[in-house]
Amino acid sequence: MALTRRQLFTGSAALAAGAAMGVRIPRALAAAPDRKFLFFFAGGGWDTTTVLDPHFDTDAVDMDPDTSLGAVGNLRFTAGLDRPGVSRFFNRWGRRACIVNGIDVHSVGHDSAMQFVMTGTSASSFADWPTLLAANGRASYPLPHVVFSGPSYAGTHGATLVRAGGGTLLELIDGSILGRADRPAPLPDAPQNSLVDAYVHGRAAAFAAARTGQGRDRAEGLLANLERAMELEGRAFEAGLSDLGRGVLDQATQASELFRLGLSRCAMIQVDGGYDTHDDVTRQAPQQEEMFVVLDALMDHLARTPGDNASWLIDEVVVVCLSEFGRTPKLNGGGGKDHWPYLSALLVGSGVAGNRVVGKTDDALVAESIDFRTGLPSSSGSRLGCENLGTAILSLGGLDPAEHLPGIEVLEAVIG
Amino acid sequence: MLLLALALTGCDPAAPEAVTTALPPRAALLRLSVDLRGVHPTEEELAAIEANPDLYDAYVDRYLDDPRYTARMREVFNLRYLTRTGDTYFDRAEAGLDAVPEGAVGDSIGDEPLRLLTYILENDLPYGYIVTADHTVADPLLAQMWDLDREPGDGWTVAGWRDGRPAAGLLSMTTIWQRYPSMGGNANRHRANAISRMLLCDDYLSRPIVLDRAAVDLLTVDPENAIATTPSCQSCHSTLDPLAGTLFGFFHYDDAESLDDAIAYRPENEEAWRDYSGKEPGYFGRPTASLVELGENIANDPRFAECAVRTVWEGFSQRTYTDDDWAELTTLRDTYDAEGGRLTPVVRALVTSAAYRAGEVSDADLDDRLATVRVVSPAQLASVVEDLTTYRWDFDGRQALTTNDLGMPVLAGGVDSRYVTVPSYTPSLGLAFVQERLAQAAARHVAEHDLAEGRTDDAILLKYVTAADTPASAPDAFEAQIRYLYLRITGAPLAAEATEPAALATLWDELMKVEASPTAAWAGVVSAVLRDPAVLFY
Numbered sequence: 001m002a003l004t005r006r007q008l009f010t011g012s013a014a015l016a017a018g019a020a021m022g023v024r025i026p027r028a029l030a031a032a033p034d035r036k037f038l039f040f041f042a043g044g045g046w047d048t049t050t051v052l053d054p055h056f057d058t059d060a061v062d063m064d065p066d067t068s069l070g071a072v073g074n075l076r077f078t079a080g081l082d083r084p085g086v087s088r089f090f091n092r093w094g095r096r097a098c099i100v101n102g103i104d105v106h107s108v109g110h111d112s113a114m115q116f117v118m119t120g121t122s123a124s125s126f127a128d129w130p131t132l133l134a135a136n137g138r139a140s141y142p143l144p145h146v147v148f149s150g151p152s153y154a155g156t157h158g159a160t161l162v163r164a165g166g167g168t169l170l171e172l173i174d175g176s177i178l179g180r181a182d183r184p185a186p187l188p189d190a191p192q193n194s195l196v197d198a199y200v201h202g203r204a205a206a207f208a209a210a211r212t213g214q215g216r217d218r219a220e221g222l223l224a225n226l227e228r229a230m231e232l233e234g235r236a237f238e239a240g241l242s243d244l245g246r247g248v249l250d251q252a253t254q255a256s257e258l259f260r261l262g263l264s265r266c267a268m269i270q271v272d273g274g275y276d277t278h279d280d281v282t283r284q285a286p287q288q289e290e291m292f293v294v295l296d297a298l299m300d301h302l303a304r305t306p307g308d309n310a311s312w313l314i315d316e317v318v319v320v321c322l323s324e325f326g327r328t329p330k331l332n333g334g335g336g337k338d339h340w341p342y343l344s345a346l347l348v349g350s351g352v353a354g355n356r357v358v359g360k361t362d363d364a365l366v367a368e369s370i371d372f373r374t375g376l377p378s379s380s381g382s383r384l385g386c387e388n389l390g391t392a393i394l395s396l397g398g399l400d401p402a403e404h405l406p407g408i409e410v411l412e413a414v415i416g
Numbered sequence: 417m418l419l420l421a422l423a424l425t426g427c428d429p430a431a432p433e434a435v436t437t438a439l440p441p442r443a444a445l446l447r448l449s450v451d452l453r454g455v456h457p458t459e460e461e462l463a464a465i466e467a468n469p470d471l472y473d474a475y476v477d478r479y480l481d482d483p484r485y486t487a488r489m490r491e492v493f494n495l496r497y498l499t500r501t502g503d504t505y506f507d508r509a510e511a512g513l514d515a516v517p518e519g520a521v522g523d524s525i526g527d528e529p530l531r532l533l534t535y536i537l538e539n540d541l542p543y544g545y546i547v548t549a550d551h552t553v554a555d556p557l558l559a560q561m562w563d564l565d566r567e568p569g570d571g572w573t574v575a576g577w578r579d580g581r582p583a584a585g586l587l588s589m590t591t592i593w594q595r596y597p598s599m600g601g602n603a604n605r606h607r608a609n610a611i612s613r614m615l616l617c618d619d620y621l622s623r624p625i626v627l628d629r630a631a632v633d634l635l636t637v638d639p640e641n642a643i644a645t646t647p648s649c650q651s652c653h654s655t656l657d658p659l660a661g662t663l664f665g666f667f668h669y670d671d672a673e674s675l676d677d678a679i680a681y682r683p684e685n686e687e688a689w690r691d692y693s694g695k696e697p698g699y700f701g702r703p704t705a706s707l708v709e710l711g712e713n714i715a716n717d718p719r720f721a722e723c724a725v726r727t728v729w730e731g732f733s734q735r736t737y738t739d740d741d742w743a744e745l746t747t748l749r750d751t752y753d754a755e756g757g758r759l760t761p762v763v764r765a766l767v768t769s770a771a772y773r774a775g776e777v778s779d780a781d782l783d784d785r786l787a788t789v790r791v792v793s794p795a796q797l798a799s800v801v802e803d804l805t806t807y808r809w810d811f812d813g814r815q816a817l818t819t820n821d822l823g824m825p826v827l828a829g830g831v832d833s834r835y836v837t838v839p840s841y842t843p844s845l846g847l848a849f850v851q852e853r854l855a856q857a858a859a860r861h862v863a864e865h866d867l868a869e870g871r872t873d874d875a876i877l878l879k880y881v882t883a884a885d886t887p888a889s890a891p892d893a894f895e896a897q898i899r900y901l902y903l904r905i906t907g908a909p910l911a912a913e914a915t916e917p918a919a920l921a922t923l924w925d926e927l928m929k930v931e932a933s934p935t936a937a938w939a940g941v942v943s944a945v946l947r948d949p950a951v952l953f954y
């Protein structure tokens, strides 16, 4: 019979002895598979016409010069000599990729649109999609949702979200923070640490056992996180937690490593570049090209890396690429484009309805109503909001969206 | 009390009044002290209340007079104002503050409304003063950054604005309108909602709305027309827009502006609402001629009083208000009204209530709602550990657990006032690590100090042992020392038959085998006690 972590830690003296001898603490065994989610966020508002939502047949949209309509299978995108990585990505991974166009984000303000896109609401008490996924996984994770960079809305799930940005968490895990304080202290040796950990765990377990109701919930929360902490201290080297990487690809690779080891369910990475191109929209193309180059390399990595629950990571990871809003169809007087409330997104990976474009914008880059089951325009359909995409992401993660955003229709068309 | 008991039991008159079992006197005093002062009581205080539990009310009064009480209130009210972002909003060099660390300037800015709250508490004023005061308060950094006319003196003193803006306390603060900016078509609506959320506990953005396709399309091309003609828009904007209309003196934005221009109040813009919503300034149907009138309207609004009471209640009870809590809040609201809108009597009523002092609850539903176990905030953890060990966890001269510099408060379950605005009362992984590393650092500091050869000052915690002692050579000293550690750090004596002294003596032996250092061994033992759940929970 497999032991749970709680059972494993009950015999704390034996555990301490084992830990002191360098025995690795196994993580909890998860019986049912969870999909993992890697979010890329392009901060500032990307131009949807640069790649995902081409409009070459209208004068109402200013497309980049020297570009043309690219097509791979059912997918349509903006191609050009200056963006070979885009074409390469769709040629290689298009059957796993779903483009979602015409997403209404309900705002053109950076902060509020970001919150809408990530949570489906404008209320600060709601957690974002990755946090909800991480908090409600079937398995438990020592680092449920790791924010390398980019937005994060914890809502009431502060215990789920782990910010790696700035490296403070890593310094806490490996103990190097002790030496950096104004009054530094040496890091206790690992065996010392394990002995004290085991003693503390026993006290926490006794404390929790003596409580009831909400008090017990809180005490057990501490106990669970003490166990996570002990596990992480034992696996920090294995997980490469000493260096989470600096570039986007480095971080994405590191995130996939956390997925592979079952340490995390979700990660958020802000992609390089500033997308708020009011003054010069030509900055969009090289930045989006770079993102697709990273995506291509990441998918390669996922396809070659054994998974946590599946044979290969590519069969259990969903990559979600978002921004907070799109940009106006026409150039402004300064060669830039301003904020626009209709966004495009890209989903690729496990469970995603690949080789599909969902949603549509008209010739003026305004979203059309669609049938949420097919993703096709429909006069009797509904307007696609970021909340509908979000509930689809929750569904992909095995959650019941009605429990989190009641009454919000799920964009089923993106689910394969 | 009877009303409370009835309310807590679902108004069942047959239910026993004592659905809660009060904490033992020591634990009750510890909770009170951590809540009101952020530190544990002294052993003398704990022994006194154990001998005479009736002293509880006297300690309430004593702790409410403690200067640390206002610091705790600032922490509680920041969860409502959310101004402690650490942002400076402008390059501090523009104000001649380039030699001052950015964090220090950001701290002063974020504290401005909370320090006016302190002024209110220290002068026993009604809470309504927060929106009717004809002044603000400032320390030297804030005064220089926002160009305030500050009274001389140390620390925070009364200050005024030089640009002739209407004076209405928090509503006139540059800090507030930089924290809650508005530009373009937003036309102060973000700010109006901030007023509603901070002062009335009513977040317009939490209201459900349904828009049809035509309304959405109209919003895209002609937003003001859509807002004015769509009923679902008007469900919020009919009151939001007049509120926003009061704030146009603060409404201007130009990238090229200097700091002084950017923060200036502009009377000439007060009528600019005509160019946006066209809604005259007003407060829920009542016309308002100025910011001062707006402040008076808010101060007299029953929702303002309810929000004040709710903020105190949520902050100290670690519960989020639901309708089930209405009766409990009403009791506190009565106190607020009877005491002329002063907050401290509300705090006093709260911490002397049965619900606050509950250690156990016999009703299952209530047990799920009532926090019989409180979790320290990052700031409380820092102050508790510093008080016990004299160790302050600073980095570059700034406290790790009370500033956002290292992101530590959020890791430990707190807020950063911008992206994380709701504290987590379930201990997180980050809190487990924070407690572990802080305990290790503080314990090492204690061991190095107390076991130092030739030490002449008092021991911090290790007063019964020397570096030469071992469990074998000085078993009684070890027993006494470990019992003292638990008494001092957790506030509760170990039982006579407790196994902890033997277990920690064994742990000490094991640690000595690893490093052969009494300092390291005692640091490990002290850290184990500092990591006790009783330090995190109270």
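Protein chains in written order, with our numbering: chain V, 1 to 416; chain Y, 417 to 954.
Heads up, the beta-carbon is just placed ideally off N, CA and C, and yes, glycines get one too.
Keep in mind that this is a model prediction, so the values were computed, not measured.
**Request:** Identify which residue in V/Ser149, V/Gly333, V/Val320 has its Cα closest to the Cα of V/Ser344.
**Result:** Shortest Cα-Cα distance from V/Ser344 to any of V/Ser149, V/Gly333, V/Val320 involves V/Val320.
**Item:** Status (buried if at least 16 other CB within 10 Å, exposed otherwise) for Y/Lys695
**Value:** So Y/Lys695 ends up on the buried side.
**Prompt:** Got a sec: is the Cβ-Cβ distance from V/Ala345 to anything in chain Y below 8 Å?
**Reply:** no
**Prompt:** Which first and last residues belong to the alpha helix (DSSP H) in which Y/Gly846 is found?
**Reply:** For Y/Gly846, the uninterrupted alpha helix (DSSP H) segment begins and ends at 845-866.
**Prompt:** Looking at V/Glu316 and V/Phe372, is the spacing between their C-beta atoms short of 8 Å?
**Reply:** no
**For V/Ile418, three-class secondary structure by DSSP** = Nothing about residue 418 of chain V can be reported from this structure: the residues present for chain V run from 1 to 416 only.
**Request:** Could you list which residues in chain Y have their beta carbon closer than 9 Å to that of V/Asp217, in chain order?
**Result:** Asp784, Val789, Thr842
**DSSP state of V/Ala367 mapped onto helix, strand, coil** = strand
**Message:** Quick check on Y/Glu461: buried or exposed, where buried means 16 or more other Cβ atoms within 10 Å of its Cβ?
**Reply:** Here Y/Glu461 is buried: its Cβ has 16 or more other Cβ atoms, across all protein chains shown, within 10 Å.
**Request:** Could you tell me how far apart the beta carbons of V/Arg334 and V/Gly416 are, in whole angstroms, since I believe they sit closer than 8 Å?
**Result:** Going by the sequence as given, residue 334 of chain V is Gly instead of Arg. Not quite, the Cβ-Cβ distance comes to about 42 Å (not below 8 Å), so this is no contact.
**Asked** Just how far apart, CA to CA, sit Y/Pro647 and V/Ser378?
**Response** 26 Å
**Asked** According to the neighbour-count rule (16 or more other Cβ atoms, all chains shown, within 10 Å of its Cβ), is Y/Met489 buried or exposed?
**Response** Buried, since its Cβ has 16 or more Cβ neighbours within 10 Å.
**Prompt:** Along chain Y, in chain order, which residues have C-beta atoms closer than 7 Å to that of V/Ser125?
**Reply:** Val838, listed in chain order.
**Item:** Spatially closest choice to Y/Ala771 from Y/Thr806, Y/Ala754, Y/Gln796, Y/Arg735, by CA coordinates
**Value:** Y/Arg735
**Request:** Would you mind reading off the limits of the alpha helix (DSSP H) that contains V/Gln288?
**Result:** 284-304
**Request:** Whole angstroms is fine: what's the gap from Y/Thr534's alpha carbon to Y/Ala487's?
**Result:** 8 Å
**Request:** Compare the beta carbon distance of Y/Arg453 and Y/Tyr485 with 8 Å and say whether it is the shorter of the two.
**Result:** yes
**Asked** Going by C-alpha distance, which of V/Phe90, V/Thr58, V/Asp62, V/Gly102 is nearest V/Gly73?
**Response** V/Phe90
**Cβ-based burial, Y/Ser889 [other Cβ within 10 Å; buried from 16]** = exposed
**Request:** Select from V/Met268, V/Ala123, V/His55 the residue whose C-alpha is nearest the C-alpha of V/Thr131.
**Result:** V/Met268
**Item:** Cross-chain neighbours of V/Ile103 in chain A, by beta carbon under 8 Å
**Value:** Among the protein chains in the structure shown, which are V and Y, there is no chain A.
**Request:** For V/Gly221, return the contacting residues in chain Y, with the cut-off set at a CB-CB distance below 7 Å.
**Result:** What V/Gly221 touches in chain Y: Thr842, Pro843.
**Item:** Which listed residue (Y/Ala950, Y/Ala919, Y/Ser933) has its alpha carbon closest to that of V/Val196
**Value:** Y/Ala919
**Request:** Would you grab the beta carbon distance between Y/Thr501 and Y/Gly519 for me? Rounded to a whole angstrom, and I think it's under 8 Å.
**Result:** The Cβ separation is near 11 Å, so there is no contact.
**Asked** Which of helix, strand or coil does DSSP assign to Y/Leu776?
**Response** The residue asked about is misnamed: residue 776 of chain Y is Glu in this sequence, not Leu. Looking at Y/Glu776 - three-state DSSP - the assignment turns out to be strand.
**Prompt:** In its own chain, which residues sit with a C-beta less than 6 Å from the C-beta of V/Asn332, not counting the 5 before and 5 after it?
**Reply:** Excluding sequence neighbours, V/Asn332 sits near Asp338.
**Validate contact between the stretch 708-725 of chain Y and the stretch 539-555 of chain Y using beta carbons, cut 8 Å, 3 pairs** = Note that the stretch 708-725 of chain Y touches the stretch 539-555 of chain Y; at least 3 beta-carbon pairs, one per stretch, sit closer than 8 Å.
**Prompt:** Which runs of the alpha helix (DSSP H) spanning at least 4 residues fall entirely within the stretch 754-822 of chain Y, listed in chain order?
**Reply:** 759-767, 780-785, 794-805
**Message:** Are the CB atoms of V/Thr168 and Y/Leu827 within a distance shorter than 8 Å?
**Reply:** yes
**Prompt:** For a contact meaning CB atoms closer than 7 Å, what does V/Ser122 contact in chain Y?
**Reply:** Leu621
**Request:** Whole angstroms is fine: what's the gap from Y/Val838's alpha carbon to V/Cys266's?
**Result:** So the alpha carbons of these two residues sit roughly 21 Å apart.
**Message:** When you compare the CB positions of Y/Ala883 and Y/Thr935, do they come within less than 8 Å of one another, or not?
**Reply:** yes
**Prompt:** Going by C-alpha distance, which of V/Arg180, V/His110, V/Ala185, V/Ala79 is nearest V/Asp276?
**Reply:** V/His110
**Message:** Between V/Gly179, V/Ile103, V/Ser68, V/Asn101, which has its C-alpha nearest V/Val86's C-alpha?
**Reply:** The shortest C-alpha separation from V/Val86 is found at V/Ser68.
**Request:** Compare the C-beta of V/Gly22 against all C-beta atoms of chain Y and say whether one is closer than 8 Å.
**Result:** Any reading at V/Gly22 must be qualified, since the residue scores a pLDDT of 35, below 50, and its modelled position is unreliable; the value itself is stated next. No, V/Gly22 lies away from the interface with chain Y (no Cβ there is under 8 Å from its Cβ).
**Request:** Answer with yes or no whether the minimum CB distance from Y/Ala875 to chain V is below 8 Å.
**Result:** no
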